[in-house]
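Chains as they are written, first to last, in this note's numbering: chain Z, -9 to 344; chain R, 78 to 609. Everything below concerns the one structure shown next.
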Amino acid sequence: MTFDASEQEGRRGALPPWLKRLGSLFITLVVTLFGLLLVTFMIGRVVPIDPVLAAVGDRASASTYHKVYLALGLDKPIWEQFLIYVNQVLHGNLGESVLTSRPVLEDIGTVFPATLELSTVAILIGTLVGIPAGVLAAVRQGRLSDQVVRVLGLVGYSAPIFWLGLLGLLLFYAKLGWVSGPGRLDVGYQFSVDRITGLMLVDTALEGQWDAFWNAVSHIILPASLLGYYSMAYISRMTRSFMLQELGQEYIITARVKGVSERRIIWGHALRNAAVPLVTVVALSYGNLLQGAVLTETIFAWPGLGMYLTNSLGSADMNAVLGSTLVIGAAFVALNLLSDVLYTFLDPRVRRQQ
Amino acid sequence: MLNRTGLVAAVAFSVLAFSAVTPARAATPADTLIEAWQIDDMISLDPAEVYELSSSEVLGNSYQRLVNYDLKDPSKLYGQIADKWTVSADGKTISFTIKPGMKFASGDPITAADAVFSLTRAVKLDKSPAFILDQFGLTKDNVDKMVVQTGPMSLDFHMDQAYAPSFVLYCLTSTVGMIVDEKLVMSHATNGDFGYGWLKTNYAGSGPFSIREWKPNQDVVLEANANYSGPAPKLKRVVYRHVPEPATQRLLLQKGDVDIARNLGADDIKTLKTDPNIKFESGVKGTIYYMGLNQKNQYLAKPEVQQAMKYLVDYATIADTIMGGLVKVHQTFEPDGMLGTLDTNPYSLNVAKAKELLKAAGVPDGFKVTMDVRNTQDITNMAQAIQQTMAQAGIQVELIPGDGKQTLTKYRARNHDIYIGVWGPDYQDPNSNAQGFAANPDNSDAAKSKTLAWRNDWNIPELTKETDAALLEPDSAKRGAMYGDLQTKVLNNSPFVIMFQQVEVFGTRKNVNGVVVGPSFDNNLVDGVSKN
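Following this line, the structure appears as structure tokens:
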């Protein structure tokens, strides 16, 4: 029996760390997505909605009904339906949506950019306001500014977004006229902007249509601020608590004794260390936003993933639900990966381990 | 030091966010009509498939049929693409002649070939609305022999029986009877799909407007069709924007960012009535609101209980106050505007009378029963009001809220006690609703036809025969009287508490004129709309 030289080499030495890492990442990805699919599929099957009815409507003839019943594969056992679906997905086919009768991938390609754009602006607002606010609250613990930040955070946590959204529209759009109303663009611009990425802000900027760009900004700012406010509430709370933890550490005392300026201690030392867990907090918030905010999308007539997913779920449109779930799952995994990468930059210990 | 930096950053950002980007405020473009509307039910633009409210309306503005009816007097039919038609002596064939010189939006001339193609195509594709044409004995296999071209501008429509001509013609006014451009559609056909894959999201008609684009759950854009044979539309463009939330629609309308808001609730209408820039256009629609009482329930199967329930609905209060004028009281199964409809509403809230009837039924103290309620605002409010009045006679109604598709699934499986239903005719002919409320050809669980009577386990062989007979009566007046008779029977003795007919209300800006709110969903027309 002979061994190929390279194979022997591979057996003797351990796998290179990057390959190991890539391998474990791939396994995580597959297991996560498969688990997600399985759970979603089963939920879809126990919902007391007749998926054929959702597809053909109440008035279809018995023959049309039967035809669609067979086309959806509902005559087969559930496990077989699931395997067929997984097989399709592995071949890059997410199937057709029953509701829109278009390929699910195409549908998601239309709705996801709207959600992505809204979430990204929202998380930027949430982070840029939330972190300084949290730092402020921690540094001035127990004082007025701390109380203000905490109360604002509490309101953000507890006020129903539906109510806050309508209120925001009423005030900033209807009464004050500071922002544009629901939708992504004024009708006047709608026909002049070509779709490149599906992100309005990017497309208008790429095409150099600055009027349309500012119009898109004036449309996105209110819903994004609203969602950003919710993230801000969470981020500022977490920042405050991480900062309090760091500010109590001995290295801070040492730094003070050494005469390091307070500004440097807070921003350079404490926040730098608090930033590591904060990355996870921000990534999780972003992940939550990417699922699409159904209520916000409804009030602001924002054609995003949340509305698509809810509509599909309400009609037992399983291909669409599963497809959206996959996208959300993939987004979460990607964000996890991103925060892992950021860890290596922020935390020297992680870097050393690798 | 730090607090100041943090505060300044936060404040500066908020200020920047809200005030730096002051949008240019302008009314909607003068040549464009913008409507805020819930259009998430739209799944296709192909007349052979369209069956949803929003897409029917879009098609109604962009396609033409062989024949159509007068919106002011739905009993009058006129030729739209057809010049004239004649019925054969045996009553089994209608021959149509096409008007000369008409064109599709593409510029192709409209010929008999297009009409034959459109009707045979719809039968062969066999999508949801195909049954409207199948009723005349058309099947995928025989349709090429049943709908035939007899000359460049003439065609014959054969049927398996001598159906009432009015019935056939009214069915041809529905969206499935719309005429598509054969040449254009077939140029996009793949794998023998008759261009279905393409037409689902594209346009091949000849109406006043052409469909420029449709982005699902976002908007539909219509543009004036330069090749339209009738009077040119007054506006260049119509945009239907999907705005799911009624309160948002109201704000958009008040700000003048849309010209028409389509799904205002009773509260929104009340608020807008004081706004000097807003007016309302309304029209009675064919949709009927009713309660279905399942005969499998021992109490609901008693005729006296059914009768008692008809006296336990506060019709007037629900229509005027709770629904804010979005419905009107209507107790027969044919809506106003339909051939043979009866204009009679004998029932009103009368608790004493109901108690007497319950006593006669042997349940003087009432009973417990459940009601499946779709979780939309209108149906929920209605159900709560009914629950209160029923309680006055001792009937305890437990409301079970659910998503529309969920409650409908349960209803179609006959697992409900009481179901609040909404039912609109499939086409502008009395047969449509008669088939629902007064026919049940097979009451077995395996029945193919799940009519409303079937869903409530109401076995009515006699009434079914009468409904079928009305289909074959060639004399319109006699036929109308037959439906009048059927309505009386269902009104007096049936498990249906028919309560209201829908009134569709558009909130519009003051400068918008010429909006037509027609009797059916496919004739809310915008070609006559202008803006000052």
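Ideal placement from N, C-alpha and C gives every residue a C-beta, glycine not left out.
Enclosing beta strand (DSSP E) for residue i [first to last residue]
{"i": "ALA113 of chain R", "result": "109 to 114"}
{"i": "PHE583 of chain R", "result": "573 to 586"}
{"i": "ASN145 of chain R", "result": "144 to 146"}
{"i": "TRP162 of chain R", "result": "159 to 164"}
{"i": "THR447 of chain R", "result": "445 to 451"}
{"i": "LYS248 of chain Z", "result": "LYS248 of chain Z -> no beta strand (DSSP E), and no H or E assigned at all."}
{"i": "ARG49 of chain Z", "result": "ARG49 of chain Z -> no beta strand (DSSP E), and no H or E assigned at all."}
{"i": "SER287 of chain R", "result": "286 to 292"}
First and last residue of the uninterrupted alpha helix (DSSP H) at residue i
{"i": "PHE31 of chain Z", "result": "7 to 36"}
{"i": "ALA61 of chain Z", "result": "52 to 61"}
{"i": "TYR488 of chain R", "result": "481 to 489"}
{"i": "LEU279 of chain Z", "result": "261 to 280"}
{"i": "TYR273 of chain R", "result": "273 to 276"}
{"i": "GLY156 of chain R", "result": "GLY156 of chain R -> not in any alpha helix (DSSP H); beta strand (DSSP E) instead, spanning 154 to 156."}
{"i": "SER553 of chain R", "result": "553 to 569"}
Buried or exposed by the 16-neighbour rule on C-beta atoms within 10 Å, applied to residue i
{"i": "MET78 of chain R", "result": "Residue confidence for MET78 of chain R is low, a pLDDT of 39 falling below 50, so the modelled location carries little weight and cannot support an answer."}
{"i": "GLN512 of chain R", "result": "buried"}
{"i": "ARG133 of chain Z", "result": "exposed"}
{"i": "PHE181 of chain R", "result": "buried"}
{"i": "LYS525 of chain R", "result": "exposed"}
{"i": "ASP604 of chain R", "result": "buried"}
{"i": "TRP275 of chain R", "result": "buried"}
{"i": "ASN219 of chain R", "result": "exposed"}
{"i": "LEU261 of chain R", "result": "buried"}
{"i": "MET32 of chain Z", "result": "exposed"}
{"i": "ARG262 of chain Z", "result": "exposed"}
{"i": "ARG174 of chain Z", "result": "buried"}
{"i": "ASP334 of chain R", "result": "buried"}
{"i": "PHE208 of chain R", "result": "buried"}
{"i": "PRO41 of chain Z", "result": "buried"}
{"i": "GLN326 of chain R", "result": "buried"}
{"i": "ASP506 of chain R", "result": "buried"}
{"i": "GLU252 of chain Z", "result": "exposed"}
{"i": "ASP503 of chain R", "result": "buried"}
{"i": "SER182 of chain Z", "result": "exposed"}
{"i": "ASN609 of chain R", "result": "exposed"}
{"i": "ASN510 of chain R", "result": "buried"}
{"i": "LYS432 of chain R", "result": "buried"}
For residue i, the three-state DSSP class (helix, strand or coil)
{"i": "ARG532 of chain R", "result": "helix"}
{"i": "LYS165 of chain Z", "result": "helix"}
{"i": "TYR128 of chain R", "result": "coil"}
{"i": "ALA291 of chain Z", "result": "coil"}
{"i": "LYS542 of chain R", "result": "helix"}
{"i": "TYR333 of chain Z", "result": "helix"}
{"i": "GLN246 of chain R", "result": "A quick correction: the sequence has Leu, not Gln, at residue 246 of chain R. It is helical."}
{"i": "GLU475 of chain R", "result": "strand"}
{"i": "ASN510 of chain R", "result": "helix"}
{"i": "ASN326 of chain Z", "result": "helix"}
{"i": "MET179 of chain R", "result": "coil"}
{"i": "GLN504 of chain R", "result": "It should be noted that the sequence gives Tyr, not Gln, for residue 504 of chain R. Of the three classes helix, strand and coil, the one that applies to TYR504 of chain R here is coil, per DSSP."}
{"i": "LEU602 of chain R", "result": "strand"}
{"i": "ILE497 of chain R", "result": "strand"}
{"i": "SER597 of chain R", "result": "coil"}
{"i": "ASN309 of chain Z", "result": "helix"}
Which runs of the beta strand (DSSP E), 3 residues or longer, sit entirely within the segment 387 to 439 of chain R? 404 to 406
In chain order, each alpha helix (DSSP H) run of at least 4 residues that lies wholly inside the segment 194 to 232 of chain R: 208 to 211, 220 to 223
Name the residues in the segment 322 to 356 of chain R whose C-beta lies less than 8 Å from a C-beta of chain Z; which are they? GLU322, ALA324, THR325, LEU328, LEU329, GLN331, LYS332, ASP334
Compile a chain-ordered list of the residues in the segment 418 to 435 of chain R whose CB is closer than 8 Å to at least one CB of chain Z. none
In chain order, what residues of the segment 286 to 297 of chain R put their CB closer than 8 Å to some CB of chain Z? LYS292, PRO293, ASN294, GLN295, ASP296
What residue ranges within the segment 296 to 363 of chain R form continuous alpha helix (DSSP H) runs of no fewer than 4 residues, ordered along the chain? The segment 296 to 363 of chain R contains, as complete alpha helix (DSSP H) runs of 4+ residues, the segments 323 to 332, 343 to 349 (chain order).
Taking a Cβ distance cut-off of 8 Å, strictly less, list which residues of the segment 274 to 302 of chain Z are near chain R, in chain order. THR288, ILE289, PHE290, ALA291, PRO293, MET297, TYR298, ASN301
Write down every uninterrupted run of the alpha helix (DSSP H) in the segment 78 to 140 of chain Z whose length is 4 residues or greater and which is fully enclosed by it, in chain order. 94 to 129
Inside the segment 182 to 222 of chain Z only - alpha helix (DSSP H) runs reaching at least 4 residues: DSSP runs (the alpha helix (DSSP H)) wholly in the segment 182 to 222 of chain Z: 190 to 196.
Looking at chain Z, which residues of the segment 522 to 543 of chain R have a Cβ within less than 9 Å of any of its Cβ atoms? ALA524, LYS525, SER526, LYS527
To be precise: take each residue of the segment 169 to 185 of chain Z, compare its Cβ to all Cβ atoms of chain R, and keep it if any distance is under 9 Å. Which residues remain? VAL169, SER170, GLY171, PRO172, GLY173, ARG174, ASP176, VAL177, GLY178, GLN180, PHE181
Interface residues of the segment 34 to 46 of chain Z facing chain R [CB-CB below 8 Å]: VAL37, PRO38, ILE39, ASP40, LEU43, ALA44, VAL46
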